[in-house]
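Asker: The numbers in my numbering rise by one with no breaks, and the one at position 112 of the sequence shown is 244. Beta carbons: idealized from backbone N, C-alpha and C, even for Gly. Dropping a structure here in structure tokens format, bear with me for questions.
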Amino acid sequence: MTTFVLRFSATPRGARLARRLASHQMDLWGWAYGSPVHDTVELIVAELAANAVTHGRVPGRDAELRLSRDDGTGHVRVEVTDVRGERLPVQEPLLDGRPLTDGGRGLAIVAALAENWGVAPRPGTPAAPGKVVWAVLSVAPKGRPARTGTQAGRTP
């Protein structure tokens, strides 16, 4: 397993930096800019980081991005950690496939693109405050993109 970890400020600028550095890391791992796997991971990082700085922000506390590549299982895992464990993400309800509110589409996008996603308590000893929102994507070995999410015909 190969892992990339970045602590970023819980600000829009920090979320943008997390997306850009995740994009660069995916390219270094062999998924070229513009490839389906690269762009999918970049979009998921953008959504989860934006949620962390919008809903999980505590002034003076950072957020964390963790990308893990497991060549043995053919998965890339995206994790974004924030310190607001009491504010769990909620996927907005849909009516005829459309959200009922103006916001709330980010997790629907993550659900459509990822093989799986969820929320877990933030790890730490003793238990650290906060949560980890994660998403897992299936990827083909050696940087060849696998079909994921709606590309594979799966619906959220």
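#1: DSSP three-state call for Ser155: helix, strand or coil?
#2: Measuring alpha carbon to alpha carbon, tell me which of Leu220, Val215, Leu149, Ser155 ends up nearest Pro261.
#3: Which parts of the segment 164 to 228 are runs of the alpha helix (DSSP H), unbroken and 4 residues or longer, counting only runs that do not cross its ends?
#4: Could you check where the alpha helix (DSSP H) with Val242 kicks off and where it finishes?
#5: Only counting the same chain, and skipping five residues up and downstream in sequence, which positions put a Cβ closer than 8 angstroms to that of Ala259?
#6: Specify, as a first and last residue, the run of the beta strand (DSSP E) that Val137 falls within.
#7: Alpha carbon to alpha carbon, how far is Val177 from Arg237? Give it in angstroms, no decimals.
#8: Can you give the Cα-Cα distance for Thr186 and Ala164, rounded to whole angstroms?
#9: Determine the DSSP secondary structure at Ala147, reduced to helix, strand or coil.
Answerer: Result, derived from the coordinates:
#1: helix
#2: Val215
#3: 168 to 187
#4: 238 to 245
#5: Pro253
#6: Unbroken beta strand (DSSP E) run through Val137: 134 to 141.
#7: 14 angstroms
#8: 29 angstroms
#9: In the three-state DSSP reduction, Ala147 falls in the helix class (H, G or I).
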